[in-house]
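UniProt numbering puts the first residue of the sequence shown at 1, with every later residue one more than the last. Glycine included, each C-beta is placed from N, C-alpha and C at the ideal position. On a predicted model such as this, the values are computed, not experimentally measured, just so you know. Read through the structure below, which is laid out as structure tokens, and then see the notes.
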Amino acid sequence: MYDPSQLRTFLTVAQTLSFTQAARRLGLRQSTVSQHVRRLEEAAGRQLFTRDTHSVELTEDGEAMLGFARRILDVHEQASAFFTGTRLRGRLRFGASEDFVLTRLPEILERFRHDHPEVDLELTVELSGTLHEQLAAGKLDLVLAKRRPEDPRGELVWHDRLVWIGAERLRLDPDRPVPLIVYPPPGITRALALEALERQGREWRIACTSGSLNGLIAAARAGLGVMAHSRGLIPPGLVRVPDRFGLPELGRVDFVLIHGHRRTTSQGAADALAAAVLTGGDRLHRG
């Protein structure tokens, strides 16, 4: 009933919220992407996206289709691997940024390990900036991390916006420096937060520094200050800081997959894991 190629296109549009970006990622014409979505909507008998010249959003039926599409594609990939006898081997050094500590990334990795038991998967969890450095040094084969908006490298998993978050009871005094909760350098969100405050001419002070997301969350829940964070990954117990406090806009951030420059024996495994992350990318920011 549902064509796997149409389901892959649907998932890509759902993750990027852009027919143009989906076409670029999939190597298809934009008209083909539109055709895949239209045919899937015809097969389902439901509208999956609302779209105009400025935005693309999932409908309630589209949200429901996400789960079905993932499961159908998972089974499709398992069947293909079984009957083609594909056996990936090798050591795969995968880096994921701290942003994904509280997401469902472990489910994606667990399924990958189940499907490819002969791959030795080594996971490194670090700041995005540190992962970029380790990848450039040849210490990692594949990285899932943030990139700065002007950085062209990597395959887009999804776009998001950075927002200020803190404890619900937090109050900011406009006459005092903004208390910041930040990762240490070379954290990308740290740099973007400081740049935004500097552009606004707003004074700030570091209230907490931690290389651990859990440490930052604990400080924020305790009301020590505010932190810049992805809108789609706001942890439980924290909320967006109201506009009335006058904090500057932080702009958008891209989450991307980047392969190492060196071709290694684990390249096949890296490609397979990248495909699994792209297929299940909405699990990383939709709970």
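Is the beta carbon of residue i less than 9 Å from the beta carbon of residue j?
{"i": "residue 145", "j": "residue 217", "result": "no"}
{"i": "residue 73", "j": "residue 131", "result": "no"}
{"i": "residue 256", "j": "residue 155", "result": "yes"}
{"i": "residue 247", "j": "residue 241", "result": "yes"}
{"i": "residue 235", "j": "residue 213", "result": "yes"}
{"i": "residue 136", "j": "residue 261", "result": "yes"}
{"i": "residue 182", "j": "residue 193", "result": "yes"}
{"i": "residue 223", "j": "residue 147", "result": "no"}
{"i": "residue 103", "j": "residue 284", "result": "yes"}
{"i": "residue 94", "j": "residue 164", "result": "no"}
How would you call residue i, buried or exposed, if buried means at least 16 neighbouring beta carbons within 10 angstroms?
{"i": "residue 123", "result": "exposed"}
{"i": "residue 53", "result": "exposed"}
{"i": "residue 271", "result": "exposed"}
{"i": "residue 190", "result": "buried"}
{"i": "residue 243", "result": "exposed"}
{"i": "residue 237", "result": "exposed"}
{"i": "residue 36", "result": "buried"}
{"i": "residue 47", "result": "exposed"}
{"i": "residue 187", "result": "buried"}
{"i": "residue 99", "result": "buried"}
{"i": "residue 75", "result": "exposed"}
{"i": "residue 175", "result": "exposed"}
Go through its chain and collect everything with a Cβ distance to residue i's Cβ below 8 Å, but skip five positions before and after it.
{"i": "residue 120", "result": "90, 91, 92"}
{"i": "residue 252", "result": "149, 159, 160, 161, 162"}
{"i": "residue 29", "result": "23"}
Got a sec? Which residues, its chain only, sit under 6 Å from residue i by beta carbon, not counting five neighbours each side?
{"i": "residue 204", "result": "177, 178, 180, 197"}
{"i": "residue 200", "result": "248"}
{"i": "residue 287", "result": "For residue 287, the predicted model reports a pLDDT of 45, less than 50, meaning its position is unreliable; a value from the coordinates is still stated below. Answer for residue 287: no residue qualifies."}
In chain order, what residues of the same chain have a beta carbon less than 7 Å from the beta carbon of residue i, not counting five sequence neighbours either side?
{"i": "residue 43", "result": "1, 2"}
{"i": "residue 50", "result": "57, 59"}
{"i": "residue 268", "result": "88"}
Is it true that the segment 57-65 meets the segment 225-239, where meeting means three or more beta-carbon pairs spaced less than 8 Å apart?
-> no
How about the segment 266-283 and the segment 96-115: do they share at least three Cβ pairs that are nearer than 8 Å?
-> yes
Report the residue ranges of all alpha helix (DSSP H) runs contained in full by the segment 220-266; include only those spanning at least 4 residues, in chain order.
-> none
Could you tell me which uninterrupted beta strand (DSSP E) segments, each at least 3 residues in length, are contained entirely in the segment 119-182, listed from first to last along the chain?
-> 119-126, 142-147, 155-166, 178-182
Where in the UniProt domain "HTH lysR-type" (1-59) do unbroken runs of the alpha helix (DSSP H), each at least 4 residues long, occur, reported from the N-terminal end onward?
-> 4-16, 19-26, 30-44
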